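Reading through the structure tokens given below for one structure.
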Amino acid sequence: MEGLASFRAVASLSSRPRKPISASAFDARRANSLSLPSSSCSIVRAQQMESKGTPPSAVAVEGEQEPEKVELEIKEWEVGMYHNEVAASQGIRIRRRPPTGPPQHYVGPFEFRLQNEGNTPRNILEEIIWHKDTQVAQLKQRQPLYSLKKALDNAPPVRDFVGALRAAHSRTGLPGLIAEVKKASPSRGVLRENFDPVEIAQAYEKGGAACLSVLADEKYFQGSYENMVAIRNAGVKCPLLCKEFIIEAWQIYYARTKGADAILLIAAVLPDLDIKYMTKICKMLGMATLVEVHDEREMDRVLGIEGVEFIGINNRNLETFKVDTSNTKKLLEGERGELIRQRDIIVVGESGLFTPDDIAYVQEAGVKAVLVGESIVKQNDPQKGIAELFGKDISM
Ligand SMILES: O=C(O)c1ccccc1NCC(=O)[C@H](O)[C@H](O)COP(=O)(O)O
3 MEGLASFRAV ASLSSRPRKP ISASAFDARR ANSLSLPSSS CSIVRAQQME
53 SKGTPPSAVA VEGEQEPEKV ELEIKEWEVG MYHNEVAASQ GIRIRRRPPT
103 GPPQHYVGPF EFRLQNEGNT PRNILEEIIW HKDTQVAQLK QRQPLYSLKK
153 ALDNAPPVRD FVGALRAAHS RTGLPGLIAE VKKASPSRGV LRENFDPVEI
203 AQAYEKGGAA CLSVLADEKY FQGSYENMVA IRNAGVKCPL LCKEFIIEAW
253 QIYYARTKGA DAILLIAAVL PDLDIKYMTK ICKMLGMATL VEVHDEREMD
303 RVLGIEGVEF IGINNRNLET FKVDTSNTKK LLEGERGELI RQRDIIVVGE
353 SGLFTPDDIA YVQEAGVKAV LVGESIVKQN DPQKGIAELF GKDISM
């Protein structure tokens, strides 16, 4: 309990009296953000404290701010720090956004802000996650979880995402295609100027795509939830993956209300317990969860998480953008591949697939599905683009 004790000590530095924050309030808050029973949050917290036990050395104390606000900021900062500690212990390098920038370090009579000690994202993925954090906090204020849950009743029915991929694979003998409706990306800029998401989705469906992936992020990918709604409303039958950077369970409910059949969880961003409980929430909602990994460590973590049945191997390193299709092969070799086959886990080869040889290469490595964006979205006729990618018409 060293962390909490230190928090109380630090809180007492404030010029005005403030109420101590109880452990149960702390747990309830975390539970609310994840929609978990507060007992699971106690596990998180216990894990977090156990993993390091080092409290923040000092915290900002802004004399002029409302004590409640300062208290909340300190608490949020602490939650973020614990999250980062657990994440780091699992090899996750992507940190959560500090709510008010880095802590000011108290050094006797002086306070100073240490530059580059946590207040600047270290890579594009971290930047996206920090932006998402702010965006989700705002969206949640507008539409809290209880009202989202009510909206679920009006959501269109869930379709079987993994079933559609399996069916396509047995029908064609080739990996089932998840075709990505993607206007732009941080690594490649704008991929298609003349971008009509519904037209593209319809062309993909005609071309034999089993499922679609629809970018929801606006800032970095020029996507939107409206695109997903429009595609469903236009009568496209392919199940939809909401391609979003999920950091909170709230986003899963939101995606479902917009017609998503599946969501993506990125192992480079989310600790194991988050993946486990978010997977449970998806199951409860009837949705599929594609858990994305990039290296052996992430694959081993994910294979150890109960309930994971659908794994994506991204050939693009999301921190450096380097694309290497041999990543798929590497992660499916030996015991890992054996375990995946035994458990009948569907693996998706993601990113950097441009030719029939690329498709054959990842299929040989063991994938039963592929996720493709750039190479088909850039074609004037994306339907034809699919036939060129596979070296044959896969719509029959
Ligand atoms: O594509 C990016 O630049 C990117 C940057 C940061 C995070 C995620 C990013 N892409 C998401 C994807 O993994 C791809 O959209 C998807 O696998 C399709 O890849 P591609 O066929 O190479 O367009």
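Note that our numbering gives residue 117 to position 115 of the sequence shown, counting from 1, and the numbers run on in steps of one.
Glycine included, C-beta positions come from ideal geometry on N, C-alpha and C.
Please read all numbers here as calculations on a predicted model, not as lab measurements.
Range of the contiguous beta strand (DSSP E) that encloses residue i
| i | result |
| --- | --- |
| Glu182 | Gly178 to Val183 |
| Leu217 | Cys213 to Leu217 |
| Ala371 | Ala371 to Val374 |
| Gly351 | Ile348 to Glu352 |
Helix, strand or coil at residue i [DSSP, three-state]
| i | result |
| --- | --- |
| Ala389 | helix |
| Cys240 | coil |
| Ser377 | helix |
| Ala186 | strand |
| Phe312 | strand |
| Ser41 | Its pLDDT being 34, under 50, Ser41 is placed unreliably by the model, and nothing is read from it. |
| Val295 | strand |
| Arg31 | Caution is warranted here: a pLDDT of 40 is assigned to Arg31, below 50, making its placement in the model unreliable, and the coordinate value is therefore given only provisionally. Three-state DSSP puts Arg31 in a helix. |
| Asn382 | coil |
| Ile254 | helix |
| Arg99 | coil |
| Tyr453 | With the chain covering 3 to 398 only, the question about residue 453 has no answer from this structure. |
Beta-ladder partner(s) of residue i, from DSSP
| i | result |
| --- | --- |
| Val325 | Arg318 |
| Ala264 | Leu243 and Ala290 |
| Val192 | Ala186 |
Rounded straight-line distance, which links the Cα of residue j to that of residue i
| i | j | result |
| --- | --- | --- |
| Gln253 | Ile277 | 13 Å |
| Glu308 | Ala212 | 26 Å |
| Asn156 | Arg234 | 14 Å |
| Ile313 | Lys394 | 26 Å |
| Gly165 | Asn121 | 43 Å |
| His296 | Ala205 | 30 Å |
| Gly210 | Leu243 | 16 Å |
| Lys324 | Arg318 | 6 Å |
| Phe28 | Tyr84 | Confidence at Phe28 is low in this model, with a pLDDT of 32, below 50, so its placement is unreliable and the value that follows should be read with caution. Computed Cα separation, rounded: 12 Å. |
| Met289 | Phe163 | 8 Å |
From the options, residue whose alpha carbon lies closest to that of residue i
| i | options | result |
| --- | --- | --- |
| Leu341 | Lys324, Gly306 and Leu320 | Gly306 |
| Glu294 | Ile283, Leu150, Asp274 and Met286 | Asp274 |
| Leu127 | Lys221, Glu311 and Glu321 | Glu321 |
| Met280 | Val310, Glu298, Val238 and Ala262 | Val310 |
| Asp219 | Leu147, Pro241, Trp132 and Arg173 | Trp132 |
| Ile348 | Thr357, Phe356, Phe323 and Arg338 | Arg338 |
| Tyr255 | Lys285, Pro241 and Ile268 | Lys285 |
| Val192 | Phe223, Leu355, Asn125 and Ile396 | Phe223 |
Boundaries (first-last residue) of the alpha helix (DSSP H) holding residue i
| i | result |
| --- | --- |
| Thr136 | Ile126 to Arg144 |
| Gly165 | Phe163 to Thr174 |
| Asn235 | Tyr227 to Asn235 |
| Pro358 | Pro358 to Ala367 |
| Ser149 | Leu147 to Ala153 |
| Leu334 | Run containing Leu334: none; DSSP gives neither H nor E here. |
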